[in-house]
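Visitor: Numbering (UniProt numbering), first residue to last: 1 to 492.
1) In whole angstroms, what is the alpha-carbon distance linking residue 410 and residue 298?
2) Within this structure, are the beta carbons of residue 244 and residue 228 separated by less than 8 Å?
3) Which two residues bound the contiguous alpha helix (DSSP H) that contains residue 432?
4) Kindly indicate which residue of 211, 197, 231, 198 has the alpha-carbon position closest to the one of residue 172.
5) So residue 185 is in the beta strand (DSSP E); what residue range does that whole segment cover?
6) Taking buried to mean at least 16 other C-beta atoms within 10 Å of its own C-beta, is residue 434 buried or exposed?
7) Once DSSP output is grouped into helix, strand and coil, what is the label at residue 292?
8) Three-state secondary structure (DSSP) at residue 225?
9) So the beta strand (DSSP E) residue 182 belongs to, where does it begin and stop?
10) Are the region 247-255 and the region 265-277 touching, with three or more C-beta to C-beta distances below 8 Å?
11) DSSP puts residue 475 in a beta bridge; with which residues?
12) Considering only residues of the same chain and omitting the five flanking positions on each side of residue 475, which have a CB-CB separation below 7 Å?
13) Alpha carbon to alpha carbon, how far is residue 193 from residue 508? Give it in angstroms, no decimals.
14) What span of residues does the alpha helix (DSSP H) with residue 170 cover, start to end?
15) DSSP on residue 210, reduced to helix/strand/coil?
16) Under a Cβ-count criterion, where at least 16 other Cβ atoms within 10 Å of its own Cβ denotes burial, should residue 301 be classed as buried or exposed?
17) Here's the rule: buried if 16 or more other CB atoms are within 10 angstroms of the residue's CB, otherwise exposed. What is residue 343?
18) From 351, 307, 312, pick the residue whose C-alpha is nearest to that of residue 338; which is it?
19) Consult DSSP for residue 331 and reduce its assignment to one of helix, strand or coil.
20) From which residue to which residue does the alpha helix (DSSP H) around residue 274 run?
21) Just to confirm my understanding: we take residue 187, look at its own chain, exclude 5 residues before and 5 after, and list those with CB closer than 6 Å. What are they?
22) If you run the structure through DSSP and keep just helix, strand and coil, what is residue 52?
23) With H, G and I counted as helix, E and B as strand and the rest as coil, what does DSSP make of residue 365?
24) Out of 358, 396, 367, which one is the CA nearest neighbour of residue 428?
25) Within a Cβ cutoff of 8 Å, which residues of the same chain sit near residue 253, ignoring the five residues on either side of it in sequence?
26) With distances taken from CA atoms, which of 146, 240, 373, 379 is nearest residue 402?
27) I'd like the span of the alpha helix (DSSP H) that includes residue 390, first residue to last.
28) With 16 other CB atoms within 10 Å as the buried threshold, where does residue 149 fall?
29) Suppose you measure from the CA of residue 283 to the CA of residue 195; what does that come to, to the nearest Å?
30) Roughly how many whole angstroms lie between the Cα atoms of residue 316 and residue 165?
31) What residue range does the alpha helix (DSSP H) around residue 493 cover?
32) In whole angstroms, give me the CA-to-CA distance for residue 236 and residue 217.
33) Can you tell which of 388, 407, 304 has the C-alpha that lies nearest to the C-alpha of residue 272?
34) If I follow the unbroken alpha helix (DSSP H) through residue 320, where does it start and stop?
35) What did DSSP end up calling residue 298 once you bin it into helix, strand or coil?
36) Would you be able to state if there are at least three C-beta pairs under 8 Å between the region 289-296 and the region 324-334?
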């Protein structure tokens, strides 16, 4: 007869797994399979054969729950009371707290009553694998070092700002990433800085080690100033280099630097009259700066006669000459000076520039010329190039029309008793009086005399000897003023 007996025991002790000792507390379930032979003449039962005894441990080691089973083959027949008595003695023993047995992990839901021998063998073969689970980390034990009270309120140690550190590295040229070569000059730069401001460097598909720039568009000095401008928080552009900077910024497509240059260009305090003319001359050989030249030419007003006396005037392109002389803001002693300035410009290279005669003649306002001059110039002028210029059909027709209009205006004045000559003539200039101009006289002055081209050339020579601020002393006048001429005032 097969008899299974269960007993429950609470015990504490130490278990050794892979040379490591663990303190445990557990509840044991002893299961003993016995073959019981009943004798009628005895008052107690004898256990003839105990096949196996099982101990299922449900206990905790270091705070974690585990389930073990223990099996032991009994060679000698023992009663269940003896087995439990042996377990109690082992629990009380302080000299040998270690349990030496074949220990393995089992599924807590395993039904020990239904376990077969085959299942026991499988569980025993995996015992060594289950024992590894006892080696756990602190995080697996449940310790958490992330949630600390008032951690974020702790006063932090101050650190340098990233912007200040990067600025120091860039200004000190530390860890540069690009070499810019301009002729024989080399510049160690940070490509990131160049890409922030320059579209030229931003459009580079690869990250090169060296970039070569054309010297005629980006000079070494200009690039050095531009790179310093990029690094400076409040840059100031050098007046002497502003054209170089503008040309280089145009090539490198630095919009902010171009806008910075235009702040200076648009200021009449910095570029007006003489300074505007100088800036125009500086940009003359750069076709990309036409927009700057077009902005400077209209600012030349009283300074136009000084400009006409220089060699720079002789090198003007014909379209720029037309643009300048077509302005109503230029200041003149008489409209005759426009005609003579054109002849002066054409005579510098007559064979080439004579083809521009008709186009440039549109700049001359013949209606603003004295009637006597238009009658005189075609009859008594001896300058060969001037006579050739006036003999052109288109120009001769303009003079004839101007004579007709002026004569009609004078006739109307005499008939109706008005004084409208030159009064309502459209597109008047800014008229001035220069005391050094020998041929300047007011209307109806009795000392009015002929104005020849040679007189104009002499006047140009006189202006070349004057101080640089002489043009500021020109006196503005009204053309239709009738009164004593300056030559009459000098007599008295």
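Backbone N, C-alpha and C fix where the C-beta goes; we use that ideal spot for every residue, glycine too. Quick caveat: nothing in here was measured; it's all calculated off a predicted structure.
Guide: Inspection of the coordinates gives the following:
1) Along the chain shown, read from residue 1 onward, the residue named residue 410 stands at position 410. Along the chain shown, read from residue 1 onward, the residue named residue 298 stands at position 298. Roughly 33 Å separates the two Cα atoms.
2) Here residue 244 refers to the residue found at position 244 of the chain shown. Here residue 228 refers to the residue found at position 228 of the chain shown. Not closer than 8 Å, so no.
3) By 1-based counting over the chain shown, the position of residue 432 is 432. Not the alpha helix (DSSP H): residue 432 falls in the beta strand (DSSP E), residues 430-433.
4) Numbered from 1 along the chain shown, position 172 holds the residue referred to as residue 172. Here the closest residue by C-alpha is 231.
5) By 1-based counting over the chain shown, the position of residue 185 is 185. That run of the beta strand (DSSP E) goes 185-189.
6) The sequence position of residue 434 within the chain shown is 434, counting from 1. Looking at its Cβ environment, which holds 16 or more other Cβ atoms inside 10 Å, residue 434 is buried.
7) Reading the chain shown from its first residue, position 292 is the one you call residue 292. Helix at residue 292.
8) Working through the chain shown from its first residue, we reach residue 225 at position 225. Here residue 225 sits in helix by DSSP.
9) Sequence index remark: in the chain shown, residue 182 carries index 182 (1-based). Per DSSP, residue 182 belongs to the beta strand (DSSP E) from 178-182.
10) no
11) Residue 475 sits at position 475 when you count from the first residue of the chain shown. For residue 475, DSSP records a beta bridge to 433.
12) Indexing the chain shown from 1 puts residue 475 at position 475. Taking C-beta separations shorter than 7 Å and ignoring five residues to either side along the sequence, the partners of residue 475 in its chain run 432, 433, following chain order.
13) Because the chain spans 1 through 492 in this model, residue 508 falls outside it and cannot be assessed.
14) Start at 1 with the first residue of the chain shown, and residue 170 comes out as number 170. Membership of residue 170 in the alpha helix (DSSP H) is indicated by the continuous run 162-171.
15) Locating residue 210 in the chain shown gives position 210, counting from the first residue. The answer is strand: DSSP assigns residue 210 an E or B state.
16) Counted from its first residue, the chain shown places residue 301 at position 301. The residue is buried, with at least 16 neighbouring Cβ atoms inside 10 Å.
17) Looking up residue 343 in the chain shown gives position 343. The residue is buried, with at least 16 neighbouring Cβ atoms inside 10 Å.
18) Sequence index remark: in the chain shown, residue 338 carries index 338 (1-based). Answer by Cα proximity: 307.
19) Here residue 331 is taken as the residue at index 331 of the chain shown, counted from 1. Three-state DSSP puts residue 331 in a strand.
20) For the purposes of this step, residue 274 is taken as the residue at position 274 of the chain shown. Annotation for residue 274: the continuous alpha helix (DSSP H) segment containing it runs 274-282.
21) Your numbering for residue 187 matches position 187 in the chain shown. Closer than 6 Å at the Cβ level, and outside the excluded window around residue 187, lie 180.
22) As a position in the chain shown, residue 52 is number 52, starting the count at 1. Only weak support exists for where residue 52 lies, its pLDDT of 42 falling under 50; the value from the coordinates is given anyway. In this structure, residue 52 counts as strand in the three-state DSSP scheme.
23) Here residue 365 refers to the residue found at position 365 of the chain shown. Coil.
24) Taking the first residue of the chain shown as 1, we reach residue 428 at position 428. Residue 428 has its Cα closest to that of 367, out of 358, 396, 367.
25) For this step, residue 253 is matched to residue 253 along the chain shown. Within the same chain, residue 253 has close Cβ partners 198, 199, 200.
26) Taking the chain shown and counting its residues from 1, the one referred to as residue 402 is at position 402. Closest by C-alpha distance to residue 402, out of 146, 240, 373, 379, is 373.
27) Residue 390 sits at position 390 when you count from the first residue of the chain shown. Segment 384-390, the alpha helix (DSSP H) holding residue 390.
28) Within the chain shown, residue 149 is the residue found at index 149, counting from 1. Exposed, since its Cβ has fewer than 16 Cβ neighbours within 10 Å.
29) For this step, residue 283 is matched to residue 283 along the chain shown. For this step, residue 195 is matched to residue 195 along the chain shown. Approximately 27 Å between the Cα atoms of the pair.
30) Working through the chain shown from its first residue, we reach residue 316 at position 316. Working through the chain shown from its first residue, we reach residue 165 at position 165. Near 52 Å, if we compare the C-alpha coordinates of residue 165 and residue 316.
31) Because residue 493 is not part of the residues shown, which for the chain are 1 to 492, the question remains open.
32) Stepping through the chain shown from its first residue, residue 236 is reached at position 236. Stepping through the chain shown from its first residue, residue 217 is reached at position 217. Cα to Cα, residue 236 sits roughly 21 Å from residue 217.
33) Indexing the chain shown from 1 puts residue 272 at position 272. Of the candidates 388, 407, 304, the one whose C-alpha sits nearest the C-alpha of residue 272 is 304.
34) Taking the first residue of the chain shown as 1, we reach residue 320 at position 320. It spans 318-325 - the alpha helix (DSSP H) in which residue 320 sits, taken as one unbroken run.
35) Counted from its first residue, the chain shown places residue 298 at position 298. Residue 298: helix per DSSP, three-state reduction.
36) Output reads no: the region 289-296 does not touch the region 324-334.
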